[in-house]
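Chains as they are written, first to last, in the numbering used here: chain F, 1 to 230; chain B, 231 to 364.
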C-alpha cells in the first residue's frame, strides 16, 4: 500500500469513527452503545477521533507548499501516528463499524430500497456474485452483491441488511448461461450506510448457488477479498 | 404428541405411511414436482410440503402446500401478498419459496426467493406477516 493509500484508508475510517461517536451522543439507551461505554471503547473512539482530526491537519500541512521547517513537525507526527497507532486506529475503526453494524435495529421493510439508480445488465459464464444470508434469510434468494463483503460487519454496513438476516453465511453465484438482471445501489437502511452494488436476479436455470460458507465477524484490520480464504 | 402418520421423501416422491397399520396411505409427487422438504403438523395428520422451487416457479406454480395424508391439497400459498407487503416488487407473480425456516405458534415461517420472510397461518395458508430480509 502506498503512503497515500494509507492516508486514504485512514480518511475513509474517519467517517466511521465520527458516525459511531454521534450515534453514542444521540442514543445512549442503545444496548450496543452502552456496551461501548461500559467497555471503554467509546473513550478510545473519541480519543481516536481527536487524533484523526490532528492527523488530517498535519497531512494537509505535509503536502502543502509550506516551507520545509513548517512541514517537519507535522511530518514527524504523521509518520509517528501512522506507524505507532496504525493498529489502534484500525482496531478502533473496526470496533466502531462493528458496534454500529451489530446494533442495527428495525422491524423489517415491506419493500427493498435502492437509490433509484437501476439498470439492467446481463450476467453470464465467468461472472460471479455473492449472496449473504442466515436466520430468516436462506441461501437461495434473488438478491446478491457484486463483491464479496469478506465479513459480516461489511455486509451489514454496505448491504444495509435487516437484523433478521444474521449474515452468518455466504454463497457464490455463478452462471451457465445469460441472465438479465436488475442492478442497483443499496440505499441506507436500518442505520447502515448501504452503498454496495446489488443485483436482483430472476428465476433462471442458468444460476447456480455454491455450497454456503461461514462469513467471519470482521474484527480484523483488512477485508479479505478472496472467497476461498474464508 | 405422537403422529399416526410418518412422512418421508424418496427420489423426490412423498411417501405417507400409517404408523398404526404400516400401510402406505399415499405416494407421489404433489402437483407433479419433486418434494424438497416435508414437515409434520402437530395435532394433525397433515403435513407441510415444499416443492422444488425453480421448476415450479418457472412454470408459475405455487410450491408451498399443506397436504392431508391422502395427498389432497388443503391449501397452497404463493399468491402475491399485496395486503401483507405492499411493495411494488411484490404482487406481480407467484412466489417461489426456497426453504422453511421455522414453525412458531401455529405459524409457518418460509423464505421466498424474492427476499421476503413470510409468516403463514398453518390452518388457513394465509400470509399473516411479511418482512423483507434480503
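Cβ coordinates follow ideal geometry from the N, Cα and C atoms, glycine included.
Applying a beta-carbon distance threshold of less than 7 Å, which residues of chain F neighbour residue 363 (chain B)? One-based indexing of the second chain puts residue 363 (chain B) at position 133. Going along chain F in sequence order, the residues near residue 363 (chain B) (Cβ under 7 Å) are 108, 136, 137, 162, 164 and 165.
DSSP on residue 345 (chain B), reduced to helix/strand/coil? Taking the second chain and counting its residues from 1, the one referred to as residue 345 (chain B) is at position 115. Correct three-state label for residue 345 (chain B): coil.
Compare the C-beta of residue 206 (chain F) against all C-beta atoms of chain B and say whether one is closer than 8 Å. Working through the first chain from its first residue, we reach residue 206 (chain F) at position 206. It does not: the Cβ of residue 206 (chain F) has no partner Cβ on chain B nearer than 8 Å.
Under 9 Å from the C-beta of residue 263 (chain B): neighbouring residues of chain F: Numbered from 1 along the second chain, position 33 holds the residue referred to as residue 263 (chain B). Under the 9 Å cutoff, chain F gives no residues; its nearest Cβ is about 14 Å from residue 263 (chain B).
Run of the beta strand (DSSP E) containing residue 129 (chain F), from where it starts to where it stops: Here residue 129 (chain F) is taken as the residue at index 129 of the first chain, counted from 1. Unbroken beta strand (DSSP E) run through residue 129 (chain F): 128–135.
3-residue-minimum beta strand (DSSP E) runs that sit fully inside the region 148–222 of chain F, ordered along the chain: 165–175, 179–185, 197–200 and 207–209
For residue 253 (chain B), which residues from the same chain have a beta carbon less than 8 Å from its beta carbon, with the 5 sequence-adjacent residues on both sides left out? Position 23 of the second chain, counting from 1, holds the residue named residue 253 (chain B). Once the five neighbours on either side are set aside, the close Cβ partners of residue 253 (chain B) are 247.
State the DSSP-derived secondary structure class of residue 286 (chain B), mapped to helix, strand or coil. The sequence position of residue 286 (chain B) within the second chain is 56, counting from 1. Residue 286 (chain B) falls in the helix class under three-state DSSP.
Just mark residue 348 (chain B) as buried or exposed, buried being the case when its beta carbon has 16 or more other beta carbons within 10 Å. Residue numbering aside, residue 348 (chain B) sits at position 118 when the second chain is read from its first letter. It is buried - the Cβ of residue 348 (chain B) has at least 16 other Cβ atoms within 10 Å.
Leaving out the 5 sequence neighbours to the left and right, which residues in its chain are closer than 8 Å to residue 353 (chain B) when beta-carbon positions are compared? In the second chain, counting from the first residue as 1, residue 353 (chain B) sits at position 123. Excluding residues within five positions, the ones whose Cβ falls inside 8 Å are 336.
Enclosing beta strand (DSSP E) for residue 360 (chain B) [first to last residue]: Sequence index remark: in the second chain, residue 360 (chain B) carries index 130 (1-based). Per DSSP, residue 360 (chain B) belongs to the beta strand (DSSP E) from 357–362.
With H, G and I counted as helix, E and B as strand and the rest as coil, what does DSSP make of residue 125 (chain F)? The count along the first chain starts at 1 and reaches residue 125 (chain F) at position 125. If DSSP states are grouped into helix, strand and coil, residue 125 (chain F) belongs with coil.
When you compare only the Cα positions, how much space is there between residue 331 (chain B) and residue 243 (chain B)? The residue labelled residue 331 (chain B) in the question sits at position 101 within the second chain. The residue labelled residue 243 (chain B) in the question sits at position 13 within the second chain. Straight-line Cα distance between these residues: approximately 22 Å.
For residue 299 (chain B), three-class secondary structure by DSSP: Counting from one through the second chain, the residue named residue 299 (chain B) turns up at place 69. Coil at residue 299 (chain B), not helix or strand.
Any idea which residues DSSP pairs residue 239 (chain B) with across the strands? Within the second chain, the letter at position 9 stands for residue 239 (chain B). In the DSSP output, where bridge partners are listed per residue, residue 239 (chain B) has B:244.
Host beta strand (DSSP E) of residue 271 (chain B) (start-end): Reading the second chain from its first residue, position 41 is the one you call residue 271 (chain B). Here residue 271 (chain B) belongs to no beta strand (DSSP E), and DSSP marks it neither H nor E.
Do residue 143 (chain F) and residue 192 (chain F) have their CB atoms nearer than 8 Å? The sequence position of residue 143 (chain F) within the first chain is 143, counting from 1. The sequence position of residue 192 (chain F) within the first chain is 192, counting from 1. Not closer than 8 Å, so no.
Does any CB atom of chain B fall closer than 8 Å to the CB of residue 141 (chain F)? Numbered from 1 along the first chain, position 141 holds the residue referred to as residue 141 (chain F). Yes, its Cβ sits closer than 8 Å to a Cβ of chain B.
C-beta neighbour in chain B for residue 29 (chain F), strict 8 Å: As a working mapping, residue 29 (chain F) is identified with position 29 in the first chain. Caution applies to residue 29 (chain F), whose pLDDT of 42 falls short of 50 and renders its modelled position unreliable; the value that the coordinates give is listed next. Not closer than 8 Å to any Cβ of chain B, the Cβ of residue 29 (chain F) fails to qualify, so no.
Which bits of chain B does residue 203 (chain F) rub up against, with CB to CB less than 7 Å? As a first step, residue 203 (chain F) must be located in the first chain, where it is residue number 203. 284, 287, 288, 326 and 343, listed in chain order.
Nearest-angstrom Cα distance between residue 185 (chain F) and residue 130 (chain F)? Your numbering for residue 185 (chain F) matches position 185 in the first chain. Your numbering for residue 130 (chain F) matches position 130 in the first chain. Taking the straight line from one Cα to the other gives about 15 Å.
Taking all protein chains shown into account, decide if residue 180 (chain F) is buried (16 or more other Cβ within 10 angstroms of its Cβ) or exposed. Sequence index remark: in the first chain, residue 180 (chain F) carries index 180 (1-based). Exposed: under 16 other Cβ atoms inside 10 Å.
In chain F, which residues lie less than 9 Å from residue 329 (chain B) when you measure between Cβ atoms? Counted from its first residue, the second chain places residue 329 (chain B) at position 99. Near residue 329 (chain B) (Cβ distances below 9 Å), the residues of chain F are 138, 139 and 140.
Classify residue 138 (chain F) as buried or exposed, calling it buried when 16 or more other Cβ atoms lie within 10 Å of its own Cβ. Residue mapping note: residue 138 (chain F) aligns to position 138 of the first chain, counting from 1. Buried: at least 16 other Cβ atoms inside 10 Å.
Please report the straight-line C-alpha distance between residue 272 (chain B) and residue 260 (chain B), rounded to a whole angstrom. Locating residue 272 (chain B) in the second chain gives position 42, where the first residue counts as 1. Locating residue 260 (chain B) in the second chain gives position 30, where the first residue counts as 1. Each residue's Cα considered, the two are about 21 Å apart.
Buried or exposed: residue 296 (chain B), going by 16 or more other Cβ atoms within 10 Å of its Cβ? Working through the second chain from its first residue, we reach residue 296 (chain B) at position 66. Classification for residue 296 (chain B): buried.
Can residue 203 (chain F) and residue 284 (chain B) be called in contact, C-beta distance under 8 Å? As a first step, residue 203 (chain F) must be located in the first chain, where it is residue number 203. As a first step, residue 284 (chain B) must be located in the second chain, where it is residue number 54. Taking 8 Å as the Cβ cut-off, residue 203 (chain F) and residue 284 (chain B) qualify as a contacting pair.
Which class does residue 259 (chain B) belong to by DSSP, given the choice of helix, strand or coil? If you number the second chain from 1, residue 259 (chain B) lands on position 29. In the structure shown, residue 259 (chain B) sits in coil (DSSP, three-state: anything other than H, G, I, E or B).
Any non-hydrogen atom of the ligand ATP closer than 7 Å to residue 240 (chain B) Cβ: The model on display carries no ligand, and the ligand ATP is accordingly not part of it.
With distance defined between alpha-carbon atoms, name the residue in F:196, F:136, F:176 and F:188 nearest to residue 205 (chain F). As a working note, residue 205 (chain F) is residue 205 in the first chain. Comparing Cα-Cα distances from residue 205 (chain F) to each of F:196, F:136, F:176 and F:188, the minimum goes to F:176.
DSSP three-state assignment for residue 118 (chain F), whether helix, strand or coil: What you label residue 118 (chain F) is simply residue 118 of the first chain in a count that begins at 1. Looking at residue 118 (chain F) - three-state DSSP - the assignment turns out to be coil, as it is neither helix nor strand.
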